[in-house]
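Reading through the structure tokens given below for one structure.
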Amino acid sequence: MPETLSVHVSDDDLHAISVETPSFETAGAFDVELVNHGRAVHVHLNLMDGLSRAATLEATNHFVETESVRTVRVNVDGPFPAEGKLKIVTAYGAETAYADVTVREPDDADDSVVVDEALASPAGAAETDSNGSSPSSALPTPGAGTTPVLALAGVALLVAFLAATVVEGPIAVVGVGVVLVGVAAAAAILVRD
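Taking the numbering used here, I'd label the letters of the sequence shown as residues 141 to 333.
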């Protein structure tokens, strides 16, 4: 779970900002918890200096409802270590505060890849799933009643190609294209159902 930097807004005065920890150190991503003790307020967050090169905010302007808490994630991609300031501004510049932030490389950086045991067997080996059927049986196939439709599609293609060779023009080529698209769409519908 990421560490949290708490920022209190409107605690003493309207739009006042107090950072719980003015100097914050973390490993990897962290959360900024905006705790509003007063009326609804806009809080603007900005990453500065080296922190802006290593971390990102999904959004910079955040609306915090009356007497509520809003958590904002700061994602960190490196380079490590990164140092900079988190600038916190309320009410479009009415108040400004800063927190020094140091981000070090995460301790539990795990670059290993988990491989499923099913990938250990050769690709051509006959495999079955839990109900005893092979993966190829899961592929869509046309039903038995579609044979006449497929035969009619073949005849339509043959007639289209014959017409294109006899007419020899751009309109005939467009006609063949339309027939091909129609046959492809019909085949897709047949296989899907």
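Here a beta-carbon is modelled for each residue, glycine too, at the ideal position from N, C-alpha and C.
{"query": "Where E143 sits in the DSSP three-state scheme", "result": "strand"}
{"query": "Beta-carbon proximity of G168 to P246, cut-off 8 angstroms", "result": "yes"}
{"query": "Nearest neighbour of V295, chosen from G309, T305, V323 [CA to CA]", "result": "V323"}
{"query": "Same chain, Cβ closer than 8 angstroms to V147, neighbours up to 5 away in sequence not counted", "result": "I157, S158, V159, E160, V172, E173, L174, V175, V183, I228, A237, A239"}
{"query": "For M188 and L154, the rounded distance between their alpha carbons", "result": "25 angstroms"}
{"query": "Inter-residue CB distance, L185 and L226 (contact presumed, cutoff 8 angstroms)", "result": "7 angstroms"}
{"query": "Beta-carbon contacts of R210 that lie in its chain and below 7 angstroms, excluding the five residues immediately before and after", "result": "L174, H202, V204"}
{"query": "Short Cβ contact (8 angstroms threshold) for A326 with V289", "result": "yes"}
{"query": "Proximity to F170 [Cα-Cα], best of T287, A231, R244", "result": "R244"}
{"query": "L298 versus L197: straight-line alpha-carbon distance, rounded", "result": "60 angstroms"}
{"query": "Whole-angstrom distance between V318 and V331, CA atom to CA atom", "result": "20 angstroms"}
{"query": "Secondary structure, alpha helix (DSSP H): runs of 4+ residues fully inside the segment 164-216", "result": "190-194"}
{"query": "Element boundaries [beta strand (DSSP E), containing A222]", "result": "222-230"}
{"query": "Per-residue burial, V321 [other beta carbons within 10 Å of its own, 16 or more giving buried]", "result": "exposed"}
{"query": "Residue range of the alpha helix (DSSP H) that includes A300", "result": "287-307"}
{"query": "Straight-line gap, V149 to P219 (C-alpha atoms, nearest Å)", "result": "31 angstroms"}
{"query": "Assigned exposure category for G224 - 16 Cβ within 10 Å defines buried", "result": "buried"}
{"query": "CA-to-CA distance, T230 to T200, given in whole angstroms", "result": "12 angstroms"}
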